[in-house]
Amino acid sequence: MLVETPELEKAGSKRSSQILDNYEANVEGRESGEKSIKESSVSAFMREQKNGHSPHGSLGSQAAKHSPSERPPRPSFMTNSDPRTDSNSPGQTVARDDIRASAEKILYTFLLPGSEREIVLPQHMLESIRYNIEEEGRDDPEVFDNAKEYVFQAMERDAYPGFLQAKALGNLVPLSVLLRLVLGLASMMAGFWGGFYMILTDTPRRTRCWVILPFTLGAYFLMTYQYKLDPIMAFLGFSEYTFMNWSRIREPYVGSLLRKRATMTIIMALVIATALCVLFIFVPGTKF
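Quick note on this note's numbering: the sequence shown kicks off at 2 and runs consecutively.
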C-alpha cells in the first residue's frame, strides 16, 4: 500500500501504444487503465526511492521490520546469482536488486552492439537507454518505452507482413526460390536453343516435340520463382521450413490458400509452356 499516491503529471509518460492512452483517459475503471496507472505509480515510487525517499510508515516497511524471515527469499528470474530477500517496496513481489539486474540484462543481451541477441536500434535511442541505466541508475520500465514502441512498429510494418508473405502466400525459403530461378532460366535456354536448332535444320515435327520437356520445366520453375510457391508441395500440404526441410502445414486456412495459389501457378505455367511448344513445333522449318 502506498503512503502517498504520485501525481499523474509526475508519473505520466509516453506509453508504447496509443490505445492504452485512450483507455486511461476515457475508461478509468477498466482493467487496462488500472494496470497502466499502477505501473506509472510503481515507476514514480521507484524513482523517489532512488533519490532517497522511502515510505517508512507503509505496511510493507513495518512488516519487513517485524518479521524479515517469515517469508522465504525469492530467487531472481533474470540473473544466476543467489536468491535475494523480498523488497520493502509496496506492490512489488521481487527484490529491487532483481529489477536492477533485469534492466542491465536487457541492455547487455539485446541492445548493446555485438550483444548475444542484438536488436538494431537508432543510435540516439540506444545512447539514451545506456545513459539512463549506467549513469543515472534508473531501472524503471519507462526507460525502455521508446525502444518498445520502435520494435513494435518495426514488427507491425515490416516483420509481420513479410512473415505473412513468406508463409501464408508461399511455401519456399529464399535459397530455394533462387535455385528455381537458375533452373528455370537454364531450362528455357535449353528449350530455345533446341527449338531454333531444329527449325533451322528442318527437323521433323515429331522430333521437335522434345522441346516440350525443357519448356515445361522452365515455365514451372520460373512460375515458382515468381510466386515463391512450389505447387506440387502445396498440393501435398507441405511448406519449406529451412532449405530442403519440409514440414506439414497445420493451419487449414493457410493450406487452402496455398492450394488456390498453386492452381493458378500451374495454369500459368501450362499456358506459357503450351504457347512456346506450339510455336517451336509447328513453325515451318528451313535449311541454310
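Don't be surprised by glycine CBs; every beta carbon is placed ideally from N, CA and C. Note that the structure is predicted; figures quoted are calculated from it, not measured.
Of the listed residues the options, nearest to residue i (C-alpha basis)
{"i": "I213", "options": "N133, A274, G115", "result": "A274"}
{"i": "T114", "options": "D146, C210, A220, R131", "result": "Looking at the sequence itself, residue 114 is Pro, so the reference to Thr does not match. Checked all of D146, C210, A220, R131; the closest Cα to P114 is R131."}
{"i": "L237", "options": "S248, Q227, T243", "result": "S248"}
{"i": "A270", "options": "F244, F239, L230, N246", "result": "L230"}
{"i": "E136", "options": "S116, N246, E105, E150", "result": "E105"}
{"i": "M265", "options": "L182, I250, Q227, E252", "result": "Q227"}
{"i": "T208", "options": "L180, R139, C278", "result": "C278"}
{"i": "R181", "options": "F164, A220, G192", "result": "A220"}
{"i": "E143", "options": "T243, S129, Q154", "result": "S129"}
{"i": "R206", "options": "P285, N172, V183", "result": "P285"}
{"i": "L201", "options": "K261, K288, I100", "result": "K288"}
{"i": "R139", "options": "S103, V183, F197, G196", "result": "S103"}
{"i": "G256", "options": "P162, L122, M234", "result": "M234"}
{"i": "F1", "options": "N133, V152, H125, M224", "result": "The structure shown does not extend to residue 1, since the chain is modelled only from 2 through 289, so no value can be given for it."}
{"i": "K168", "options": "I267, F239, V272, L280", "result": "F239"}
{"i": "I134", "options": "W211, Y109, V272, A155", "result": "Y109"}
{"i": "W211", "options": "I250, F222, A191", "result": "A191"}
{"i": "P232", "options": "I268, A96, E252", "result": "I268"}
{"i": "M193", "options": "V183, D203, P215", "result": "The residue you asked about is not Met; residue 193 is Phe in the sequence shown. The residue with the shortest Cα to Cα distance from F193 is P215."}
{"i": "L186", "options": "P253, L170, L223", "result": "L223"}
{"i": "E150", "options": "Y254, N172, L122, V174", "result": "L122"}
{"i": "D146", "options": "M126, A155, G163", "result": "M126"}
{"i": "T225", "options": "V183, E252, T204, Y254", "result": "V183"}
Exposure of residue i, with buried meaning 16 or more beta-carbon neighbours within 10 Å
{"i": "D141", "result": "buried"}
{"i": "D159", "result": "exposed"}
{"i": "A148", "result": "buried"}
{"i": "E157", "result": "exposed"}
{"i": "P73", "result": "Any reading at P73 must be qualified, since the residue scores a pLDDT of 46, below 50, and its modelled position is unreliable; no value is offered."}
{"i": "M199", "result": "buried"}
{"i": "L176", "result": "exposed"}
{"i": "E241", "result": "buried"}
{"i": "H54", "result": "Confidence in H54 is poor, its pLDDT being 46 and thus under 50, which makes the residue's placement unreliable; the coordinate value appears in the next sentence. When all chains shown are included, H54 counts as exposed."}
{"i": "I282", "result": "buried"}
{"i": "L179", "result": "exposed"}
{"i": "D99", "result": "buried"}
{"i": "N1", "result": "Because the chain here runs from 2 to 289, residue 1 falls outside it and cannot be looked at."}
{"i": "L165", "result": "exposed"}
{"i": "A276", "result": "exposed"}
{"i": "T217", "result": "buried"}
{"i": "F244", "result": "exposed"}
{"i": "S116", "result": "exposed"}
{"i": "R262", "result": "buried"}
{"i": "F197", "result": "exposed"}
{"i": "L259", "result": "buried"}
{"i": "L280", "result": "exposed"}
Enclosing alpha helix (DSSP H) for residue i [first to last residue]
{"i": "E150", "result": "146–155"}
{"i": "F197", "result": "175–201"}
{"i": "F222", "result": "213–228"}
{"i": "I1", "result": "Residue 1 is absent from the structure shown; the chain starts at 2 and stops at 289."}
{"i": "L277", "result": "253–283"}
{"i": "R207", "result": "206–209"}
{"i": "M235", "result": "Here residue 235 is Ala; the residue named in the question, Met, does not match the sequence. Taken as a continuous stretch (DSSP letters only), the alpha helix (DSSP H) holding A235 covers 232–237."}
{"i": "F164", "result": "161–168"}
Residue i - partner residues in DSSP beta bridges
{"i": "E135", "result": "According to DSSP, which records beta bridges pairwise, E135 is partnered with nothing at all."}
{"i": "T243", "result": "N246"}
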